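Enquirer: Attaching a single structure in structure tokens format; questions to follow.
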Amino acid sequence: MIWRSVVGKLWLTVLLLVSFVLFVLTILLLEFFENYHVQEAEKDLTQAASKISLILEQHEDMEQSKSIAWELVDDVSRVVIFTDKGEYAHSPTSQIDHLPAEFFLNDPDLSLVFEDQPIVTKKTYLPDFQITDEMQGEVMIVGIPLHINEDKDGAVFVYQSLLAIKETTKQTTKLILLAAGFAIFLTTIFAFFLSTRITAPLRNMREAAFEVARGKFDTKVPILTSDEIGELGMAFNQMGRQLKFNINALNQEKEHLANILSSMADGVITLNRDGTILVTNPPAEKFLQAWYYQEGNASGEDLPGEVVEMFQRAVSVEKEQSIELTYQGRTWVIVMSPLYTQTHIRGAVAVIRDMTEERRLDKLRKDFIANVSHELRTPISMLQGYSEAIVDDIAGTDEEKKELASVIYDESLRMGRLVNDLLDLARMEAGHISLNYENANIVAFVEKITRKFQGLAKEKSIVLQSRVEGDGDIQMDVDRMEQVMTNLVDNAIRHTADDGTITIHAKLINNGVKIDVKDSGHGIPEEDLPFVFERFYKADKARTRGRAGTGLGLAIVKNIIEAHRGTISVHSKENEGTTFSMYIPQKHAQNGDV
């Protein structure tokens with residue numbers, strides 16, 4: 001609607017203001033001209049009556065004086081001369097146009113003229129008298145006393161119908177109204193043009209403001225004038241540039257903060273004063289998902305109940321709060337601190353750290369100490385017992401002493417192997433292992449390992465066989481890889497029943513070699529498979545009765561393989577056998593040398 005726009009409002013305001021002024025001015029002008037015409041008519045009638053009275057008083061020839069008097073009035077005026085109340089004469093016009101003498105004699109106001117009182121008045125002619133349409137309605141009458149002699153009191157009445165005055169006023173009114181209408185027409189055009197011209201920059205600013213609201217901060221308003229509107233346009237353009245700068249700065253800060261939060265290893269949750277979540281990052285989402293999967297969300301809360309209680313405590317006491325929670329087998333430590341503005345607390349921020357690995361390492365440390373203590377306690381106890389037997393001369397014969405000394409020697413060797421394995425494992429896990437790379441023929445390497453264990457395999461009637469696909473060299477630390485193969489084949493022999501089969505299968509593939517050690521032993525339980533490469537882990541302690549192991553062999557194997565930038569995995573089913581598969585890449589195909 002145009003009336004709701006600035007153009008319409010300004011146009012309507014100017015139009016109404018000018019129309020009101022013209023209306024008042026027209027009313028005043030009409031009133032003025034009407035009064036002016038009446039006053040002029042009254043003045044003319046008074047002058048004419050005075051002249052006629054003076055002429056009649058100064059001339060003796062009454063008929064000649066009357067003739068002169070008739071010439072002094074115009075066509076719209078009438079004259080009646082009373083030389084006495086009984087004698088009168090009308091101006092020479094149609095008798096029907098004249099007011100009757102009785103009208104002047106019987107009217108109490110007009111009769112005062114005969115008593116020497118001049119009078120100017122307006123009278124409404126009574127309809128009983130016959131007159132023409134020109135004399136209808138209100139009549140202006142001017143009466144002047146006439147003194148022809150001392151015996152007669154006469155009067156001169158000059159009168160005129162106000163219809164003539166009103167006709168003149170009507171013509172003047174038409175001209176005034178025409179002028180007012182023309183002025184309103186010009187004012188309408190001018191006001192519309194002016195309002196359009198003034199508001200054109202404002203409309204441009206409105207369109208530019210909509211563009212800026214839609215995010216187009218490069219929008220500019222053309223500066224067409226140097227007045228206040230032009231200055232407003234300059235200020236708008238400057239505001240757009242400053243707004244774009246501030247928005248870009250805010251976006252950069254927001255993106256920077258988002259990148260920081262996304263790259264943090266710890267989870268971050270920012271809470272509002274009412275406990276609603278404002279900001280989270282991926283680690284925090286992972287924590288919430290673990291809580292949701294385990295506990296569900298029956299309460300309808302966005303956070304675990306423990307976290308909500310901690311938030312309420314942190315906000316109420318204004319102190320840092322901490323808690324440790326476990327969901328889906330993982331442990332999180334949550335530290336929540338109040339979030340302040342300049343005057344009050346507006347929420348809280350929670351930092352969530354996944355402590356699963358730390359707790360696991362702590363458990364491994366404790367288990368390691370317990371396992372080492374357990375592994376060392378048996379040989380130490382045997383050393384102590386057998387040495388006491390020798391000291392106390394319990395063994396009476398040399399044969400018995402030699403047997404006791406042999407046991408002590410075996411246990412000391414066992415302790416030495418355990419200590420050496422622990423030292424090797426510690427160096428490997430600390431990253432201090434050094435590999436001496438050399439070119440080794442894979443066929444010769446596998447045959448060497450096979451020959452090494454053929455004797456041990458024959459003792460248990462186990463068939464040890466090897467198969468190599470392809471012939472070529474592989475860069476690796478031969479001694480370390482021999483240690484790996486020795487450990488795997490030795491384990492396979494110890495855990496394979498008599499008349500079983502062990503197969504070493506090597507295959508050269510792109511950029512490396514794949515080696516499988518497969519046995520037909522009793523296998524590893526499914527629940528023990530994830531832990532076979534951990535230190536001191538023994539799936540079945542009964543399997544180590546024949547040749548006791550330290551429980552560190554597979555852990556050492558894994559570290560050596562990983563030092564070669566390779567991978568190792570195990571597949572096993574109970575009573576069907578076990579297969580250890582490893583992949584060793586060529587040295588030039590690795591990401592970096594060790």
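In terms of the UniProt record's numbering, the sequence shown has 460 at position 460, counting the first letter as 1, and numbering is strictly consecutive.
Idealized CB from N, CA, C, for every residue including glycine.
Predicted model only: the values in this text are computed from it and were never measured.
(1) Going along the chain, which unbroken runs of the beta strand (DSSP E) with 3 or more residues stay wholly within the stretch 405-474?
(2) If you count every other CB in all the chains shown that lies within 10 Å of the CB of residue 410, and 16 or more means buried, which is it?
(3) Sorted by chain position, which residues of the same chain lie with C-beta nearer than 8 Å to residue 42's C-beta, five sequence neighbours on each side aside?
(4) Alpha carbon to alpha carbon, how far is residue 452 from residue 390?
(5) Closer than 8 Å is the cut-off here; do at least three beta carbon pairs connect the stretch 204-213 with the stretch 231-243?
(6) Are residue 199 and residue 10 closer than 8 Å when you measure CB to CB?
(7) Compare the Cα-Cα distances from residue 353 to each of 287, 54, 447 and 87 and report the closest residue.
(8) Kindly indicate the opening and closing residues of the beta strand (DSSP E) around residue 90.
(9) Between the stretch 515-533 and the stretch 395-405, do three or more beta carbon pairs fall short of 8 Å?
(10) Please check if any C-beta of chain C sits within less than 8 Å of the C-beta of residue 67.
(11) Just verifying my parser: in three-state terms, what is the DSSP assignment at residue 106?
(12) Return yes when the Cβ of residue 471 is within less than 8 Å of the Cβ of residue 440, no when it is not.
(13) Hey, could you find the ends of the alpha helix (DSSP H) residue 138 is sitting in?
(14) Grab the span of the beta strand (DSSP E) containing residue 585 for me, first residue to last.
(15) Just tell me which of 360, 504, 243 and 201 has its CA closest to the CA of residue 213.
(16) Excluding the 5 residues flanking residue 462 on each side, which residues of the same chain have their C-beta closer than 8 Å to its C-beta?
(17) Would you check if the distance between the CB atom of residue 340 and the CB atom of residue 291 is smaller than 8 Å?
(18) Excluding sequence positions up to five away, which residues of its chain have a Cβ less than 8 Å from the Cβ of residue 345?
(19) Between residue 302 and the rest of its own chain, which residues show a CB-CB distance below 6 Å, the 5 nearest in sequence each way excluded?
(20) Quick one: residues in its chain with C-beta nearer than 6 Å to the C-beta of residue 122, no 5 flanking neighbours on either side, listed in chain order?
(21) Less than 8 Å separating the beta-carbons of residue 490 and residue 579?
(22) Using a 10 Å radius around the Cβ and a threshold of 16 neighbouring Cβ atoms, would you call residue 566 buried or exposed?
(23) To the nearest angstrom, how far is the alpha carbon of residue 149 from that of residue 101?
(24) Kindly give me the distance between the Cβ atoms of residue 523 and residue 573, rounded to whole angstroms, as I take these residues to be in contact under 8 Å.
(25) Which value, in whole angstroms, describes the spacing of the CA atoms of residue 180 and residue 191?
(26) Check this for me: beta carbons of residue 415 and residue 556, under 8 Å apart or not?
(27) Have a look at residue 321 and residue 268 and give me their C-alpha separation to the nearest angstrom.
(28) Going by DSSP, name the residue or residues bridged to residue 324.
(29) Would you identify the three-state DSSP class for residue 206, choosing helix, strand or coil?
(30) Quick check on this structure: which residue in 271, 509 and 575 has the alpha carbon closest to the alpha carbon of residue 526?
(31) Less than 7 Å between C-beta atoms, sequence neighbours within five positions excluded: which residues of the same chain meet that for residue 112?
(32) In the DSSP output, which residue or residues are listed as bridge partners for residue 272?
(33) Given that a residue counts as buried once 16 or more other Cβ atoms are within 10 Å of its Cβ, and exposed if not, what is residue 252?
(34) If the criterion is Cβ atoms closer than 8 Å, does the pair residue 466 and residue 486 meet it?
(35) Can you tell me whether residue 343 is buried or exposed? The criterion is at least 16 other CB atoms within 10 Å of its CB, across all chains shown.
(36) Measuring only the C-alpha atoms, how far is residue 366 from residue 324?
Expert: Answer, in terms of the structure:
(1) Every beta strand (DSSP E) of 3 residues or more that sits fully in the stretch 405-474 is shown, in chain order, as 438-441 and 463-469.
(2) Position 410 of the sequence shown, counted from the first residue, corresponds to residue 410. With fewer than 16 other Cβ atoms within 10 Å, it is exposed.
(3) Taking the first residue of the sequence shown as position 1, residue 42 is located at position 42. Only residues of its own chain outside the window of five on either side were considered, and among them 120, 140 and 142 have a CB closer than 8 Å to the CB of residue 42, listed in chain order.
(4) Translated into the one-based positions of the sequence shown, residue 452 becomes position 452. Translated into the one-based positions of the sequence shown, residue 390 becomes position 390. Whole-angstrom Cα-Cα distance: 37 Å.
(5) The stretch 204-213 vs the stretch 231-243: in contact.
(6) Your numbering for residue 199 matches position 199 in the sequence shown. Your numbering for residue 10 matches position 10 in the sequence shown. In this structure, the beta-carbon distance from residue 199 to residue 10 falls below 8 Å.
(7) Along the sequence shown, read from residue 1 onward, the residue named residue 353 stands at position 353. By alpha-carbon distance to residue 353, the top candidate from 287, 54, 447 and 87 is 287.
(8) On the sequence shown, position 90 is the one that residue 90 refers to. From DSSP, the beta strand (DSSP E) with residue 90 extends over 87-90.
(9) Contact fails: fewer than three Cβ-Cβ distances are below 8 Å.
(10) Any reference to chain C falls outside this structure, which holds one protein chain only.
(11) Locating residue 106 in the sequence shown gives position 106, counting from the first residue. Residue state, collapsed to three classes: helix.
(12) Counting from 1 along the sequence shown, the entry for residue 440 is found at position 440. Counting from 1 along the sequence shown, the entry for residue 471 is found at position 471. Residue 440 is not a Cβ neighbour of residue 471, given a cutoff of 8 Å.
(13) Residue numbering aside, residue 138 sits at position 138 when the sequence shown is read from its first letter. Where residue 138 is concerned, there is no enclosing alpha helix (DSSP H), although the beta strand (DSSP E) it sits in stretches over 138-149.
(14) Translated into positions along the sequence shown, residue 585 becomes position 585. Unbroken beta strand (DSSP E) run through residue 585: 577-585.
(15) The residue given as residue 213 occupies position 213 in the sequence shown. Residue 243 is the option with its Cα nearest to residue 213.
(16) Translated into positions along the sequence shown, residue 462 becomes position 462. Cβ-Cβ distances below 8 Å link residue 462 to 493, 496, 498, 499, 500, 501 and 502 in the same chain, with the five nearest sequence neighbours on each side left out; the list follows chain order.
(17) As a working note, residue 340 is residue 340 in the sequence shown. As a working note, residue 291 is residue 291 in the sequence shown. No, the Cβ-Cβ distance between residue 340 and residue 291 is not below 8 Å.
(18) Here residue 345 is taken as the residue at index 345 of the sequence shown, counted from 1. Excluding residues within five positions, the ones whose Cβ falls inside 8 Å are 273, 315, 318, 338 and 339.
(19) Here the question's residue 302 lines up with position 302 in the sequence shown. Around residue 302: 277.
(20) Position 122 of the sequence shown, counted from the first residue, corresponds to residue 122. Excluding residues within five positions, the ones whose Cβ falls inside 6 Å are 138 and 140.
(21) Counted from its first residue, the sequence shown places residue 490 at position 490. Counted from its first residue, the sequence shown places residue 579 at position 579. Contact: no.
(22) What you label residue 566 is simply residue 566 of the sequence shown in a count that begins at 1. By the neighbour-count rule (16 or more Cβ atoms within 10 Å), residue 566 is buried.
(23) On the sequence shown, residue 149 is found 149 positions in, with the first residue counted as 1. On the sequence shown, residue 101 is found 101 positions in, with the first residue counted as 1. One C-alpha to the other measures close to 21 Å.
(24) Your numbering for residue 523 matches position 523 in the sequence shown. Your numbering for residue 573 matches position 573 in the sequence shown. The beta-carbon distance between residue 523 and residue 573, rounded to whole angstroms, is 5 Å. This is short enough to meet the 8 Å contact definition.
(25) Within the sequence shown, numbered from 1, the residue matching residue 180 stands at position 180. Within the sequence shown, numbered from 1, the residue matching residue 191 stands at position 191. When rounded, the distance between both Cα atoms is 16 Å.
(26) Translated into the one-based positions of the sequence shown, residue 415 becomes position 415. Translated into the one-based positions of the sequence shown, residue 556 becomes position 556. Against a cut-off of 8 Å, the Cβ pair of residue 556 and residue 415 comes out as no contact.
(27) As a position in the sequence shown, residue 321 is number 321, starting the count at 1. As a position in the sequence shown, residue 268 is number 268, starting the count at 1. A direct Cα-to-Cα measurement between residue 321 and residue 268 gives close to 15 Å.
(28) Residue mapping note: residue 324 aligns to position 324 of the sequence shown, counting from 1. In DSSP, residue 324 forms a bridge with 333.
(29) Here residue 206 refers to the residue found at position 206 when the sequence shown is read from its first residue. Correct three-state label for residue 206: helix.
(30) Here the question's residue 526 lines up with position 526 in the sequence shown. Selected option, being the one with the closest Cα: 575.
(31) On the sequence shown, position 112 is the one that residue 112 refers to. The residues are 119.
(32) Mapped onto the sequence shown, residue 272 falls at position 272. Among the bridge pairs identified by DSSP, residue 272 is matched with 347.
(33) The residue labelled residue 252 in the question sits at position 252 within the sequence shown. It is exposed - the Cβ of residue 252 has fewer than 16 other Cβ atoms within 10 Å.
(34) Taking the sequence shown and counting its residues from 1, one reaches residue 466 at position 466. Taking the sequence shown and counting its residues from 1, one reaches residue 486 at position 486. Cβ atoms of residue 466 and residue 486: not closer than 8 Å.
(35) Locating residue 343 in the sequence shown gives position 343, counting from the first residue. That one is exposed.
(36) As a first step, residue 366 is located in the sequence shown; it is residue number 366 there, counting from the start. As a first step, residue 324 is located in the sequence shown; it is residue number 324 there, counting from the start. Going from the Cα of residue 366 to the Cα of residue 324 covers about 20 Å.
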